[in-house]
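Presented below is the structure to which this report refers.
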Amino acid sequence: MLDQISKDTFQNQVDVTKVYDLVVIGAGVAGLNALYAATRYLPKGSSVLLLDEKAMAGGMWNTAYDFVRLHQPHPMFTVGDLRWDWRKPRDYLARRDEVRDHLSSSLESVAKLVNLDCCFETKVVSSNEVGTSEGYRARIVFHRNDHPDQKATIEARQAVYAPGLNYKETQPLAFSTDAVASIIPQDLLETLKSHPSTPVYVVGGGKTGMDTVLAVLAKGDGRKVSLINGRGTNFLNRTKYIPNGLKRWTSGLPVSRLFRDLALKFDGDNETQTIDHFRRHHATDTQSPNGVFLYGLQSEEEHHRIASGLQQTIGDYLVDVAGTQEGLEILLRNGEPLEVEPGSIFVNCTGSFFRADEMAEPMSCISPHGTIVSINARDAFHFLTSVAGFFLMHLLYRGELRGRGFYTLDLEALFRKDRNAWVGASAAQAYMNQVIAVQTLPMMLLDRCGLDLDRWYPFPRRMAALYQMKATANEDIAHCRAVLDRVADRFEVRCASLN
Numbered sequence: 001m002l003d004q005i006s007k008d009t010f011q012n013q014v015d016v017t018k019v020y021d022l023v024v025i026g027a028g029v030a031g032l033n034a035l036y037a038a039t040r041y042l043p044k045g046s047s048v049l050l051l052d053e054k055a056m057a058g059g060m061w062n063t064a065y066d067f068v069r070l071h072q073p074h075p076m077f078t079v080g081d082l083r084w085d086w087r088k089p090r091d092y093l094a095r096r097d098e099v100r101d102h103l104s105s106s107l108e109s110v111a112k113l114v115n116l117d118c119c120f121e122t123k124v125v126s127s128n129e130v131g132t133s134e135g136y137r138a139r140i141v142f143h144r145n146d147h148p149d150q151k152a153t154i155e156a157r158q159a160v161y162a163p164g165l166n167y168k169e170t171q172p173l174a175f176s177t178d179a180v181a182s183i184i185p186q187d188l189l190e191t192l193k194s195h196p197s198t199p200v201y202v203v204g205g206g207k208t209g210m211d212t213v214l215a216v217l218a219k220g221d222g223r224k225v226s227l228i229n230g231r232g233t234n235f236l237n238r239t240k241y242i243p244n245g246l247k248r249w250t251s252g253l254p255v256s257r258l259f260r261d262l263a264l265k266f267d268g269d270n271e272t273q274t275i276d277h278f279r280r281h282h283a284t285d286t287q288s289p290n291g292v293f294l295y296g297l298q299s300e301e302e303h304h305r306i307a308s309g310l311q312q313t314i315g316d317y318l319v320d321v322a323g324t325q326e327g328l329e330i331l332l333r334n335g336e337p338l339e340v341e342p343g344s345i346f347v348n349c350t351g352s353f354f355r356a357d358e359m360a361e362p363m364s365c366i367s368p369h370g371t372i373v374s375i376n377a378r379d380a381f382h383f384l385t386s387v388a389g390f391f392l393m394h395l396l397y398r399g400e401l402r403g404r405g406f407y408t409l410d411l412e413a414l415f416r417k418d419r420n421a422w423v424g425a426s427a428a429q430a431y432m433n434q435v436i437a438v439q440t441l442p443m444m445l446l447d448r449c450g451l452d453l454d455r456w457y458p459f460p461r462r463m464a465a466l467y468q469m470k471a472t473a474n475e476d477i478a479h480c481r482a483v484l485d486r487v488a489d490r491f492e493v494r495c496a497s498l499n
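Numbering (the UniProt record's numbering) for the sequence shown: 1 to 499.
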């Protein structure tokens with residue numbers, strides 16, 4: 001059964017109207033992976049409720065800019081081991097609507113196993129673990145987006161709260177002058193159409209910035225494109241590490257080995273050297289002074305297209321665009337002002353994650369009595385919420401989540417304090433938790449994680465990487481644990497074993 005909850009559910013009531021076996025809050029890639037994993041353990045016909053604020057499943061892929069594409073091959077961005085329903089080349093980078101539709105399609109598979117109720121355009125007010133005469137349960141209070149006064153209360157034997165990262169929709173940059181156009185990526189294509197040949201300034205050098213530069217260059221109208229990219233962002237070389245054809249057998253490196261390299265390079269204090277090491281050995285632009293890495297992937301062809309198409313790259317931070325006695329100028333944090341042509345387009349690509357004025361409220365990865373699992377950035381199991389959703393639920397239902405040595409980390413607090421330390425710590429945590437998962441879970445289950453980028457490589461290479469992982473497991477875990485303990489002490493962020 002795959003039904004929308006009827007509006008009758010949203011009457012003013014405080015008593016529990018139904019006890020669900022599972023409630024999942026959040027229908028993005030994290031919540032959907034958690035839901036998909038849970039159905040492998042729930043008895044057939046169990047009652048399940050899915051809640052989300054958006055109009056359909058897919059999370060951020062419902063509101064992302066229309067020219068966004070995956071930066072990894074589409075088979076490795078999925079729900080569980082769900083295959084994409086097409087025959088496109090494996091290295092095809094799926095578009096926004098294709099990703100959203102694939103994620104949403106997972107609900108049909110889930111609905112064959114459980115009685116699934118879906119309630120979209122719904123806001124959750126609270127989710128708490130409560131004691132009842134029948135044991136501990138999750139109590140969830142929610143309402144329709146357009147009827148905040150009509151709350152409903154539901155109880156569940158198990159709940160997953162999957163808000164994902166602290167996401168804030170990008171807003172146009174505010175300038176002292178209105179003589180230029182300030183927009184967000186969602187408005188880019190229409191603005192280019194209405195402002196032919198106008199210069200474009202892309203503000204922000206991460207994946208969104210690179211997508212935006214490529215989208216402008218693809219128009220082929222010869223307009224000037226400039227990039228304002230702060231310290232500069234490094235990208236993992238997709239050409240090298242996601243090779244095609246016979247190179248899948250002879251070159252590249254399974255991504256688990258790459259994470260090991262980063263994890264072992266970082267000692268808890270040397271984040272700058274760790275990023276330098278990544279740039280020299282793994283990035284698309286090994287000779288650049290780029291000082292940041294945010295786990296983005298880029299092909300060598302994309303890098304060359306961007307480098308050759310840009311009129312200029314400004315390695316500084318934009319402060320304002322203002323009219324002065326000398327004319328219209330770009331004001332930078334550290335450099336001299338730059339002249340700018342009136343009517344120029346400025347696209348805010350500075351990011352949407354961890355950008356809210358306040359940090360998200362802390363919430364434990366698992367509640368004291370285990371009824372609520374939370375996939376969040378304040379007590380995170382993995383920096384990829386999709387991976388966290390998959391493993392947390394398998395480990396929970398198998399009774400192997402606590403006491404195995406898995407670490408959780410306050411990724412948002414660390415990111416706001418030091419982005420490069422965030423990279424080193426998140427790599428150490430991700431690799432350590434992966435090693436412990438390999439020691440804990442059966443091989444057949446691990447092989448059902450379609451999110452594993454190692455799956456790009458042929459089976460013999462994956463097995464060789466797995467044997468290498470197991471051979472150094474104890475030393476590697478000890479190193480990662482020491483690193484994470486050092487980060488917790490140095491930055492005063494929560495980072496501890498999940499016990």
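Glycine is no exception: its CB is placed at the ideal position from the N, C-alpha and C atoms.
Pick out whichever of PRO196, TYR457, PRO337 has its Cα sitting closest to the Cα of ASN244.
-> TYR457
GLY209 by DSSP, collapsed to three states: which one?
-> helix
Which whole-angstrom value is the C-beta distance of LEU22 and ALA156, which I expect to be below 8 Å?
-> The pair is a contact, with the Cβ atoms about 6 Å apart (cut-off 8 Å).
Counted within 10 angstroms of its Cβ, other Cβ atoms place THR132 as buried (16 or more) or exposed | exposed
Can you tell me which of SER374, ARG355, SER367, ASN334 puts its alpha carbon nearest to the alpha carbon of THR170?
-> Nearest of SER374, ARG355, SER367, ASN334 to THR170, Cα basis: ARG355.
Cross-strand partners of GLU339 (DSSP beta bridge) | In the DSSP output, where bridge partners are listed per residue, GLU339 has GLU329.
Would you identify the three-state DSSP class for ASN128, choosing helix, strand or coil?
-> strand
Would you grab the beta carbon distance between LEU498 and ARG402 for me? Rounded to a whole angstrom, and I think it's under 8 Å.
-> 6 Å
Evaluate the contact criterion for the segment 33-42 versus the segment 390-400: three or more CB pairs, one atom per stretch, below 8 Å.
-> yes
Contact belief for SER176 with ASP320 at Cβ below 8 Å, rounded distance in angstroms | 5 Å
Cβ contact (3+ pairs, closer than 8 Å) linking the segment 478-497 and the segment 398-412 | yes
Residues near SER386 by beta carbon distance below 7 Å, same chain, minus five either side = VAL29, ALA30, ASN33, LEU451
Nearest to LEU445 (by Cα), restricted to the options ALA473, PHE390, ALA488, PHE346 | Considering only alpha carbons, the answer is PHE390.
Quick one: what does DSSP say SER344 is sitting in, helix, strand or coil?
-> Under the three-state reduction of DSSP, SER344 is assigned to coil, being neither helix nor strand.
Which residue spans inside the segment 399-485 form an unbroken alpha helix (DSSP H) run of at least 4?
-> 411-417, 419-440, 443-446, 459-471
Could you tell me whether the Cβ atoms of VAL487 and ALA427 are closer together than 8 Å?
-> no
Alpha-carbon spacing of CYS449 relative to CYS480, whole angstroms = Between CYS449 and CYS480, the C-alpha separation is close to 23 Å.
Roughly how many angstroms lie between the CA atoms of LEU409 and SER197, to the nearest whole one?
-> 47 Å
Going by the beta-carbon positions, is the gap between ALA57 and ALA27 smaller than 8 Å?
-> yes
Find out if the Cβ-Cβ distance for the pair VAL200, ILE314 is shorter than 8 Å.
-> no
Confirm, please, whether the CB-CB distance from ARG231 to ASN290 is below 8 Å.
-> yes
Thinking just about the alpha-carbon of each residue, which of TYR36, THR191, ASP476, GLY296 is nearest to the one in ASP261?
-> The shortest Cα separation from ASP261 among TYR36, THR191, ASP476, GLY296 belongs to ASP476.
Thinking just about the alpha-carbon of each residue, which of ALA283, LEU264, GLN325, LYS207 is nearest to the one in GLY432?
-> According to the sequence shown, residue 432 is Met rather than Gly. Cα-wise, what sits closest to MET432 is LEU264.
Near ARG69, what residues of its chain come up, given a Cβ to Cβ distance below 6 Å and the 5 sequence neighbours on each side ignored?
-> Once the five neighbours on either side are set aside, the close Cβ partners of ARG69 are LEU93, ARG95.
Could you tell me how far apart the beta carbons of ALA360 and ALA388 are, in whole angstroms, since I believe they sit closer than 8 Å?
-> Contact doesn't hold; Cβ gap of about 15 Å is too wide.
Measure the CB-CB distance between ALA181 and GLY343 and report whether it falls below 8 Å.
-> yes
Residue nearest to LYS151 in terms of C-alpha spacing, selected from ALA159, TYR161, ARG139, VAL160 = It is ARG139 whose Cα lies nearest to the Cα of LYS151.
Answer with buried or exposed for GLN72, where buried requires no fewer than 16 other C-beta atoms within 10 angstroms of its C-beta.
-> So GLN72 ends up on the buried side.
Quick one: using the 10 Å Cβ neighbour count with 16 as the cut-off for buried, is ASP489 buried or exposed?
-> exposed
Which of helix, strand or coil does DSSP assign to ASN376?
-> Three-state DSSP puts ASN376 in a strand.
Taking the continuous beta strand (DSSP E) assigned at THR63, which residues delimit it?
-> Careful: THR63 lies outside any beta strand (DSSP E) and carries neither H nor E.
Thinking SER374 and TYR161 are a contact (beta carbons under 8 Å), I'd like their distance in whole angstroms, please.
-> Contact between SER374 and TYR161 is confirmed by a C-beta separation of about 4 Å, below the 8 Å threshold.
Excluding the five sequence neighbours on either side, which residues of its own chain have a C-beta within less than 7 Å of the C-beta of LEU103, listed in chain order?
-> VAL29, LEU32, ALA57, GLY58, TRP61, VAL79
Inspect the beta-carbon positions of GLY309 and LYS207 and report whether they are closer than 8 Å.
-> no
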